[in-house]
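Under the numbering used here, think of the first position of the sequence shown as 17, with each following residue one higher.
Virtual Cβ for every residue (Gly too), placed ideally from N, Cα, C.
Working notes, structure below.
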Amino acid sequence: MLLEGPPQALPRWRRRWQRHWRRSCPLLLLAGTGTAAVPGISAAGLTPDSRRFTAAADAELLLLGPSAARPHALPPLPAGVSPALISWVVSQRLALVPLVIDAGAPTPPGVPHVRMPGAEPARCLSTGNAMDPATVAALLGWGRRWGAALQGRPLLLAECVPGGTSTAAAVLTGLGLDCAACISGSLREPPRTLRRDLVQRGLARAGLSGPAGRPSPAPADVLAAVGDPMLALAAGLVIGAGGGDSPILLAGGSQMAAVFAAALALSRAPERARLGAAAAVVTTSWLAQENAGAFAGLMERLGERWGVAPMALASRLSFHRCRNERLRDYERGYIKEGVGAGGFALLWELSGRVASDLAGACDSEAPRMLLTDSGQPADA
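In structure tokens, the structure reads:
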């Protein structure tokens, strides 16, 4: 379903995916941020310590599936089940093999992956010094080169960064968007006051906050001040891949909106128009429907800021009729998005399948989830 963007642009983007999805390149970008250690900031693990393993565990679930013994147990969640289950079901049924890229996860995944040189988590965004400028420059450069090499193949970008919704909010704010009310998160009730305080503190310490009308800071400076490694690497990938004619699917919510915003901010006007036609941010229906469609409003503001008409879409996946209670938790406002779930779910639809069949497949696989390293299956 189209949430935002020109209706006339969507058919061409969809056709390119429908024709070439078998050749697509799904990438899962892992990273970390010290922001995840702030109590109450994220539901991607009940405790700050457990969030150190979330990215690794989700990547292992995406590649190994719910029945396999995995090196890292999935962190306990307040409710629901990891969205990596959705992405795994789609990948497995469509015979796609995602490539996992560790751009700075606190714990490396125990599955085959690419580790970026010098990869390490960002510092808390409240420091105003989340990453060294040289690190941001290197990540952007690697992303551009890698993206250029992938031109000719449809590109699906997914992420797993506990605390990353807050770094996304900080980057969007630093780039000039008034987005505090539009940002969601993994918690059922997003910690908007806590997040706003962290963002304001980080931007102030970096010298990037001030009166309206002041010159806009350099996008790379914003990424270094309050971002995380995933945002920098993904922005470079979008810029590099956007130079070709293949479609780009940014699978996520606020974090992928921030990736798109950073890519636009780093590009010149002609390149922005090309990116606007090539890329779409795709999320789940659960996130899209939250807070009276705030996500669509965020994408509209993003388009106004950089003079493009960005496409934002949502999959039709629903768990209303699922037997598994933890899947039905999604309908109650828990989890909502992550590990590219919305984008993978839309890819399922673009391949000619129906969303209800995906829900049924997830319902069949959810009881097989192994929540501990002991190999004991979870209750249905």
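| Item | Value |
| --- | --- |
| Which two residues bound the contiguous beta strand (DSSP E) that contains Glu175? | 171-176 |
| Under 8 angstroms by Cβ, that's how I've got Pro245 and Leu155 pegged, so tell me the actual separation to the nearest angstrom. | 6 angstroms |
| Is the CB-CB distance between Ala267 and Gly180 below 7 angstroms? | no |
| Consult DSSP for Arg161 and reduce its assignment to one of helix, strand or coil. | helix |
| So, are the CB atoms of Val130 and Phe360 less than 7 angstroms apart? | no |
| Is the stretch 107-117 close to the stretch 92-99, with three or more CB pairs under 8 angstroms? | no |
| Taking the C-alpha atoms as reference points, what is the distance between Arg38 and Trp104? | 16 angstroms |
| In the DSSP output, which residue or residues are listed as bridge partners for Asp74? | In DSSP, Asp74 forms no bridge with anything. |
| Could you tell me which of Gly192, Leu362, Lys352 sits nearest to Gln216, measuring between CA atoms? | Gly192 |
| Can you pull the DSSP bridge partners for Arg68? | Arg68 pairs with nothing; no bridge assigned. |
| Identify every residue that forms a DSSP beta bridge with Met327. | Ala296 |
| Go through its chain and collect everything with a Cβ distance to Asp389's Cβ below 6 angstroms, but skip five positions before and after it. | For Asp389, the pLDDT reaches just 40, beneath the cut-off of 50, and the residue's location in the model is therefore unreliable, leaving the point undetermined. |
| Which residue comes first and which comes last in the alpha helix (DSSP H) that contains Ile351? | Segment: none, Ile351 is in no alpha helix (DSSP H) and carries neither H nor E. |
| Can you tell me where the alpha helix (DSSP H) with Ile102 in it begins and where it stops? | 100-109 |
| How is Ala197 classed by DSSP in three states: helix, strand or coil? | helix |
| CA-CA distance, Trp33 and Pro263? | 7 angstroms |
| Does the Cβ-Cβ distance between Gly21 and Met272 come in under 7 angstroms? | no |
| Ends of the alpha helix (DSSP H) at Tyr255? | Just to set this straight, residue 255 is Ile in the shown sequence, not Tyr. Element bounds for Ile255: 245-257. |
| Per the contact definition of three or more C-beta pairs closer than 8 angstroms, is the stretch 311-328 in contact with the stretch 271-287? | yes |
| Which runs of the beta strand (DSSP E) spanning at least 3 residues fall entirely within the stretch 80-155, listed in chain order? | 115-118 |
| Are Leu329 and Phe335 close, meaning C-beta to C-beta below 7 angstroms? | no |
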